[in-house]
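Notes for the one structure printed next.
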Amino acid sequence: MNLFRLFGDMSHLASILLLLYKIQTTRSVRGLSFKTQALYVTVFVTRYLDLFYDYVSLYNSVMKTFFITSSCYVLYLMKKKYRPTNDPSIDTFRVEYLLGPCVLLSLIFNYRFTFAEILWSFSIFLESVAILPQLFMLQRTGEAEAITTHYLAALGAYRALYIPNWIYRYWMEDQVDPIAVTAGIVQTALYVDFFYVYFTKVLQGQRFELPA
Amino acid sequence: AKETGLHDEL
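Respectively, the protein sequence lines represent chains A and B. Reminder that position 168 of the first sequence reads as 255 in my numbering, one-by-one numbering, no gaps. Reminder that position 5 of the second sequence reads as 7 in my numbering, one-by-one numbering, no gaps.
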């Protein structure tokens, strides 16, 4: 564990708390992509199956359990509790286009051709693109509540912080995980546009609005 | 550098 990773994980934790805070205070899931949230549940469930057969640390197990339960809870909030505030008509990204290539990639790139390792690989590839339905929705509506953009910024910061973590591990621990690194760089790159608007508008006190 | 696949990250 190094500081980059710790701050990355804390940022991930903060992003989920911000998401829950947004839903609870506005009593609405408006502006959130159900598809992205459903993809995150898929990511966590397929990656953290090792909770049942591989113990890393208490920290690791607690975080994994939190990510699975909180992401499932968000789906419940979107589909049941605050269902009337969810608008599927603007959540139109075709997730088949993400799932198919991720299945294919995980069959080609994995560390062992076993069910668990292929699922792990799949979850890494899927996580790298899971935010796309959300960013696509943002692009479509052209604006977002500030709290939603803070959620996305924390999520993007988590991914960005994992990059120096990998550089650190490469030099200090002689460890490198090519699948995670490649997917992680792609994932972080997807946030570049968002971060540009976030820094130049939201953090200057303006509304998050995309040029028409 | 050695490849991991150890999956100790989240």
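All C-beta atoms in this analysis are idealised placements derived from N, C-alpha and C, irrespective of residue type, glycine included. For clarity, every value in this text was computed on a predicted model and none was experimentally measured.
Within chain B, partners of residue i - CB distance below 7 angstroms
i, result
"V132(A)", "Within chain B, no residue comes near V132(A); the closest Cβ sits about 14 angstroms away, beyond 7 angstroms."
"V143(A)", "D10"
"D137(A)", "H9"
N- and C-terminal bounds of the alpha helix (DSSP H) containing residue i
i, result
"Y245(A)", "A233 to M259"
"S158(A)", "L145 to Y163"
"H99(A)", "L90 to T113"
"L39(A)", "Missing from the structure shown is residue 39(A); chain A here goes from 88 to 299 and no further."
"K122(A)", "F121 to R134"
"R227(A)", "L219 to T228"
"G271(A)", "P265 to A276"
"Y198(A)", "Here Y198(A) belongs to no alpha helix (DSSP H), and DSSP marks it neither H nor E."
"V279(A)", "V279 to T287"
Exposure of residue i, with buried meaning 16 or more beta-carbon neighbours within 10 Å
i, result
"W258(A)", "exposed"
"A299(A)", "exposed"
"Y249(A)", "buried"
"I254(A)", "exposed"
"L325(A)", "The question about residue 325(A) has no answer here: the residues shown for chain A are numbered 88 through 299."
"F295(A)", "buried"
"Y283(A)", "exposed"
"Q274(A)", "buried"
"Y146(A)", "exposed"
"S144(A)", "exposed"
"I211(A)", "buried"
"A241(A)", "buried"
"E11(B)", "buried"
"N89(A)", "exposed"
"S176(A)", "exposed"
"A244(A)", "buried"
"L194(A)", "exposed"
"F209(A)", "buried"
"R256(A)", "buried"
"Q221(A)", "buried"
"D280(A)", "exposed"
Beta-carbon neighbours of residue i, restricted to chain B and to distances below 8 angstroms
i, result
"K151(A)", "L12"
"A233(A)", "Result: empty, since nearest Cβ-Cβ is about 27 angstroms, beyond 8 angstroms."
"N147(A)", "D10 and L12"
"D96(A)", "L12"
Anticipated Cβ contact below 8 angstroms, residue i with residue j, distance rounded
i, j, result
"R246(A)", "Y278(A)", "7 angstroms"
"I110(A)", "F131(A)", "In fact, because the Cβ distance is near 18 angstroms, the residues do not count as touching under 8 angstroms."
"S215(A)", "A125(A)", "About 16 angstroms separates the two Cβ atoms, so there is no contact after all."
"F196(A)", "I272(A)", "F196(A) to I272(A), Cβ: 14 angstroms. No contact."
"D178(A)", "M224(A)", "6 angstroms"
"Y169(A)", "R114(A)", "7 angstroms"
Touching or not, the segment 175-189 of chain A and the segment 94-105 of chain A, by the rule of three or more beta carbon pairs under 8 angstroms? no
Answer yes if the segment 202-219 of chain A comes into contact with the segment 122-140 of chain A, meaning at least three C-beta pairs across the two stretches below 8 angstroms, and no otherwise. yes
Taking one C-beta from the segment 220-233 of chain A and one from the segment 105-123 of chain A each time, how about it: are there three or more such pairs within less than 8 angstroms? yes
Decide if the segment 121-132 of chain A is in contact with the segment 158-168 of chain A; the criterion is three or more beta carbon pairs, one per stretch, under 8 angstroms apart. yes
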